[in-house]
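This is the structure:
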């Protein structure tokens with residue numbers, strides 16, 4: 002269940018480590034949300050809702066951890082090439098992509114490599130003391146347009 006993994010799992014993980022981080026007066030929590038939290042896409046309602054709720058949780062954690070030394074960052078990836086959906090029925094994938102195009106949710110067909118998200122997470126935890134990247138939005142750039150000759 003997407004809500005259990007994306008929201009409840011993150012909440013439980015944070016609860017498990019926060020007390021120790023607070024005691025040390027340092028630590029980093031990075032929540033990986035999704036562009037779908039800001040721009041929901043059709044046919045992915047539970048995913049959209051779970052990622053929007055994760056961002057609300059992240060913003061709340063940022064307020065609650067202020068003054069504790071614990072930094073809370075969110076990385077919001079755009080379309081990313083992962084193995085998610087590789088085992089889906091091709092007709093279902095086509096239906097989803099057509100729906101996204103219909104609603105303007107897919108500007109182009111470029112995807113981020115997963116390594117780009119890892120680099121954004123690393124950037125969040127590599128900031129000097131006293132600096133927090135609250136929200137990092139990572140999106141692929143569109144392919145270069147070929148000019149007519």
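Residue numbers (my numbering): 2 to 150. Heads up, the beta-carbon is just placed ideally off N, CA and C, and yes, glycines get one too.
Helix, strand or coil at residue i according to DSSP, with G and I counted as helix
i           : result
residue 148 : coil
Limits of the alpha helix (DSSP H) - the one that residue i falls within
i          : result
residue 60 : 46 to 66
residue 10 : 10 to 25
Neighbourhood of residue i by C-beta distance below 6 Å, restricted to the same chain and skipping five residues each side
i          : result
residue 62 : 73
residue 83 : 115
Beta carbon of residue i nearer than 7 Å to that of residue j
i           : j           : result
residue 35  : residue 4   : no
residue 31  : residue 122 : yes
residue 44  : residue 100 : yes
residue 78  : residue 139 : yes
residue 134 : residue 125 : yes
residue 70  : residue 26  : yes
Close-in-space but distant-in-sequence residues of the same chain around residue i (CB under 8 Å, 5 per side omitted)
i           : result
residue 142 : 111
Beta strand (DSSP E) segment containing residue i, residue limits
i          : result
residue 74 : 71 to 78
residue 30 : 28 to 33
Residues near residue i in its chain [Cβ-Cβ closer than 7 Å; skip 5 each side]
i          : result
residue 37 : 45, 48, 49 and 52
residue 23 : 69 and 71
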